[in-house]
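The next block holds one structure in the form of structure tokens; read it before the comments.
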Amino acid sequence: MRRKTVPGPPIVPRLRRLAALAVLGVGLVIGFTASSARAQSDTPATVDEFVPIIKVSGLIDPVLADYIERSITSAENDHAVYLVMQFNSGGSVLSRERFARLASRVRDAKIPIGIWVGPSGAKAKGGAAQLVPLADSIGIAPKSRFGRFGPNMLDAAAFPATLDDATIARLRNDTIGSDDAGLIGATAAPTIGQFLIDLPGFRTEIDNSGAQPTRKPVTPVVFSSLPLLSNQLHTVASPPVAYLLFLIGLGLLIFEFYTAGVGIAGVVGAGAFVLGCYGLDVLPARWWAVALLVVAMFGFAIDVQTGVPRVWTGIGTACLFLGSFFLYNGVSMTWFAYVAGIGGVLLGMVQGMPAMVRTRFSTPTIGREWMIGEIGTAETNVDPDGVVRVRDALWRARTNRATPIVKGAGVRVAEIDGLVLEVEPEEGAARDYRERARGSKTSAASERATEGTA
């Protein structure tokens, strides 16, 4: 009996299916690998390579110190190649503790710190100069000055000296320029671009398009400065601005005191006074000098009522000079600030304010003819100018004759010239003569009017 054989599945089709699956799997693996490789190759290798540049200008105050520390933190978080500070500072007004925290932040930063003292004519002195040696790279522009450390702001144990003793002794009271930059391990860099291309990690390429090959920066650079509000507070804390705002604020408040109601001058004066007080609080101001400025304005305000300079004006002037010249300890101002402050206050308080008060609280010149012939008293000697009292009001007066009038003597108003009364002694014939002259002119005018009517 023959055994019946059951045919199995064909071998070739099965192998084909296995081969197709294998090819498909290999294709998927190759495709995934290729896509991964392509994705990796499309990502720039220098995605985090950039250099932020911040501007450090003016005295280093709390606002600027916070800005420097925030910039360092931001650069660390963004994995910057370097953080460069463009320095032009004449010193620091920070306390020793606050300055030490700032110095520690600069020294212990997780990224390299570069400081470029520039552009040409810039400076780094005082406390600002003591920060510079803590940087990893230093550059000095031509005609810029570095040094004049002054008193040491940092503890020698916590901040070991990075310069030799001879250099420190020289820079304590002197400065150096780009020619001597090597003394502090710095380089002469006319521009910030030339300073950047020499920084470690800053990528450049050779540009052969010109007559000579030049190095062209490749690493991106990001410039930043103080935000608007912080910049305004930093500006207010500068010595001349704080001084002038303080005086302007006091002057406008006094002006508002002698006017009826509250106006724009009072609001502006209050704002200027508050900003001036903020600036003086940040700066190393001598508070006894600030008190002298307040006394000066108080003295001027007293004599504003009399209309002429008296004893209080002299006291106020002396206090104004002393308070202005001794206002700051270790911080100087330009002569322009002194001239603007002292000259403006004297001009406003001695000339402007008395005229304003008389104009504000008196009737206009037109229609004041009734005062002619009024009797008053000389409050000061009128020779030829002085002050008289007419109907319990003080007026600037001028004698209309060469005869001087002594204090306390009776006077008669003869004429009015704007805000100045022309007076004469109470006893005299000049008034009769002028009255006859005015009477003759009036009669002649009446006769001409009558003839014209006829």
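For the sequence shown, our numbering assigns the number 662 to the initial residue and increments by one for each residue that follows.
Cβ coordinates follow ideal geometry from the N, Cα and C atoms, glycine included.
Everything numeric in this text was worked out from a predicted model, so none of it was measured.
> Which one or two residues does DSSP pair with ASP859 in a beta bridge?
Replying inline: On the sequence shown, position 198 is the one that residue 859 refers to. Its beta-bridge partners do not exist; DSSP assigns none.
>> Rounded to whole angstroms, what is the Cα-Cα separation between THR836 and ILE729?
In response: If you number the sequence shown from 1, residue 836 lands on position 175. If you number the sequence shown from 1, residue 729 lands on position 68. Cα to Cα, the separation comes out at about 24 angstroms.
> So, helix, strand or coil for GLY885, using DSSP?
Replying inline: Along the sequence shown, one-based indexing puts residue 885 at 224. Note on identity: in this sequence residue 885 is Ser, with Gly being the wrong assignment. Here SER885 sits in strand by DSSP.
> Since ALA962 is in the beta strand (DSSP E), which residue starts that stretch and which ends it?
Replying inline: Position 301 of the sequence shown, counting from 1, holds the residue named residue 962. For ALA962, there is no enclosing beta strand (DSSP E); the enclosing alpha helix (DSSP H) covers residues 948-965.
> Would you say ALA789 and PHE820 are within 8 angstroms of each other, going by their C-beta atoms?
Replying inline: The residue given as residue 789 occupies position 128 in the sequence shown. The residue given as residue 820 occupies position 159 in the sequence shown. The Cβ atoms of ALA789 and PHE820 do not sit closer than 8 angstroms to each other.
> Whose CA, out of GLN1012, ALA783 and LEU1008, lies closest to the CA of THR852?
Replying inline: Here residue 852 refers to the residue found at position 191 when the sequence shown is read from its first residue. Looking at the Cα atoms, ALA783 is the closest of the given residues.
> Shortest alpha-carbon distance to PHE997 belongs to which of ILE1077, TYR904, LYS877 and ARG876?
Replying inline: The residue you call residue 997 lines up with position 336 of the sequence shown. Nearest to PHE997 by C-alpha distance, out of ILE1077, TYR904, LYS877 and ARG876, is TYR904.
> Out of LEU988, MET1032, LYS804 and VAL1084, which has the shortest C-alpha to C-alpha gap to SER899?
Replying inline: As a first step, residue 899 is located in the sequence shown; it is residue number 238 there, counting from the start. For the residues LEU988, MET1032, LYS804 and VAL1084, the minimum Cα distance to SER899 belongs to LEU988.
>> Please report the distance separating the alpha-carbon of GLY910 from that of GLY1004.
In response: Counting from one through the sequence shown, the residue named residue 910 turns up at place 249. Counting from one through the sequence shown, the residue named residue 1004 turns up at place 343. Their Cα atoms are separated by approximately 16 angstroms.
> For the 8 angstroms Cβ check, are there 3 or more pairs between the stretch 1059-1068 and the stretch 1081-1088?
Replying inline: At 8 angstroms Cβ cutoff, the stretches touch.
> My guess is that GLY1034 and VAL1074 are in contact by the Cβ rule of under 8 angstroms, so how many angstroms apart are they, rounded?
Replying inline: Counting from one through the sequence shown, the residue named residue 1034 turns up at place 373. Counting from one through the sequence shown, the residue named residue 1074 turns up at place 413. Confirmed, about 6 angstroms.
> Is the stretch 831-849 touching the stretch 756-769, taking contact as three or more C-beta pairs under 8 angstroms?
Replying inline: Look at the beta carbons and you see the stretch 831-849 not touching the stretch 756-769: under three pairs across the two are nearer than 8 angstroms.
> Do LEU795 and ARG831 come within 8 angstroms of each other at the CB atom, strictly closer than that value?
Replying inline: By 1-based counting over the sequence shown, the position of residue 831 is 170. By 1-based counting over the sequence shown, the position of residue 795 is 134. No, Cβ-Cβ distance for ARG831 and LEU795 is not below 8 angstroms.
> In its own chain, which residues sit with a C-beta less than 7 angstroms from the C-beta of ASP964, not counting the 5 before and 5 after it?
Replying inline: Your numbering for residue 964 matches position 303 in the sequence shown. Counting only Cβ-Cβ distances below 7 angstroms, and skipping sequence neighbours, we find PRO970, ARG971, TRP973 and THR974.
>> For GLY719, count the other beta carbons within 10 Å of its own beta carbon; 16 or more makes it buried, fewer makes it exposed. Which is it?
In response: As a first step, residue 719 is located in the sequence shown; it is residue number 58 there, counting from the start. Buried: at least 16 other Cβ atoms inside 10 Å.
> From GLY977 to ARG806, what does the alpha carbon distance come to, in whole angstroms?
Replying inline: For the purposes of this step, residue 977 is identified with residue 316 of the sequence shown, where counting begins at 1. For the purposes of this step, residue 806 is identified with residue 145 of the sequence shown, where counting begins at 1. Taking the straight line from one Cα to the other gives about 40 angstroms.
>> Bridge partners for THR896 per DSSP, in chain order?
In response: Walking along the sequence shown from the start, residue 896 turns up at place 235. Within the DSSP secondary-structure output, THR896 pairs in no beta bridge.
> Enumerated in chain order, which unbroken segments of the alpha helix (DSSP H) with a length of 4 residues or greater are wholly contained in the stretch 1036-1077?
Replying inline: Those alpha helix (DSSP H) runs which fall completely within the stretch 1036-1077 and span 4+ residues do not exist here.
> Can you name the start and end residues of the alpha helix (DSSP H) that ASN834 belongs to?
Replying inline: Within the sequence shown, residue 834 is the residue found at index 173, counting from 1. Where ASN834 is concerned, the enclosing alpha helix (DSSP H) stretches over 826-834.
>> My assumption, with CB atoms under 8 angstroms, is that VAL882 sits in contact with VAL712. Please give the rounded CB distance.
In response: Start at 1 with the first residue of the sequence shown, and residue 882 comes out as number 221. Start at 1 with the first residue of the sequence shown, and residue 712 comes out as number 51. That belief holds up - the Cβ atoms of VAL882 and VAL712 are roughly 5 angstroms apart, short of 8 angstroms.
> Between PHE997 and the ligand GDP, is the CB less than 7 angstroms from at least one heavy atom?
Replying inline: The model on display carries no ligand, and the ligand GDP is accordingly not part of it.
> Looking at the structure shown, is MET746 part of a helix, part of a strand, or coil, going by DSSP?
Replying inline: Sequence index remark: in the sequence shown, residue 746 carries index 85 (1-based). Residue state, collapsed to three classes: strand.
> With distances taken from CA atoms, which of VAL1000, GLN855, VAL928 and ALA872 is nearest ALA864?
Replying inline: In the sequence shown, the residue the question calls residue 864 occupies position 203. The sequence as given places Arg at residue 864; Ala does not occur at that position. Here the closest residue by C-alpha is GLN855.
> Do ALA770 and ILE801 have their C-beta atoms within less than 8 angstroms of each other?
Replying inline: Walking along the sequence shown from the start, residue 770 turns up at place 109. Walking along the sequence shown from the start, residue 801 turns up at place 140. For ALA770 and ILE801, no; Cβs fall outside 8 angstroms.
> Nearest to PHE918 by CA position, among VAL724, PHE982 and PHE961, is which residue?
Replying inline: For the purposes of this step, residue 918 is identified with residue 257 of the sequence shown, where counting begins at 1. Nearest to PHE918 by alpha-carbon distance, out of VAL724, PHE982 and PHE961, is PHE961.
>> I'd like to check one pair, PRO861 with ILE867: are the Cβ atoms closer than 8 angstroms?
In response: The residue you call residue 867 lines up with position 206 of the sequence shown. The residue you call residue 861 lines up with position 200 of the sequence shown. Taking 8 angstroms as the cut-off, the Cβ atoms of ILE867 and PRO861 do not count as close.
> Can you give the beta carbon distance from VAL1051 to MET1032, rounded, assuming they're within the 8 angstroms contact cut?
Replying inline: Locating residue 1051 in the sequence shown gives position 390, where the first residue counts as 1. Locating residue 1032 in the sequence shown gives position 371, where the first residue counts as 1. Approximately 7 angstroms separates the beta-carbon atoms of VAL1051 and MET1032; this is inside 8 angstroms, confirming the contact.
> For VAL745, which option in THR896, ASP859, ASP942 and LYS1068 has the closest C-alpha, if you only look at C-alpha atoms?
Replying inline: Counting from one through the sequence shown, the residue named residue 745 turns up at place 84. Comparing Cα-Cα distances from VAL745 to each of THR896, ASP859, ASP942 and LYS1068, the minimum goes to ASP859.
> PRO1015: which of LEU1055, ASP722 and ALA957 sits nearest, CA to CA?
Replying inline: As a working mapping, residue 1015 is identified with position 354 in the sequence shown. Out of LEU1055, ASP722 and ALA957, the CA that lies nearest to the CA of PRO1015 is found in LEU1055.
> How is LEU723 classed by DSSP in three states: helix, strand or coil?
Replying inline: To locate residue 723, count along the sequence shown from 1; it is residue 62. The residue you asked about is not Leu; residue 723 is Pro in the sequence shown. If DSSP states are grouped into helix, strand and coil, PRO723 belongs with the helices.
> What are the start and end residues of the beta strand (DSSP E) that includes PHE711?
Replying inline: Against the sequence shown, residue 711 aligns to sequence position 50. Here PHE711 belongs to no beta strand (DSSP E), and DSSP marks it neither H nor E.
> Any idea what DSSP makes of TYR989, helix, strand or coil?
Replying inline: For the purposes of this step, residue 989 is taken as the residue at position 328 of the sequence shown. Three-state result, TYR989: strand.
> Should VAL928 go down as buried or exposed, given a rule of 16 or more other Cβ atoms within 10 Å for buried?
Replying inline: As a first step, residue 928 must be located in the sequence shown, where it is residue number 267. Label assigned to VAL928: exposed.
> Of the residues LEU725, LEU792 and THR1064, which one's Cα is nearest the Cα of GLY811?
Replying inline: Taking the first residue of the sequence shown as position 1, residue 811 is located at position 150. Here the closest residue by C-alpha is LEU792.
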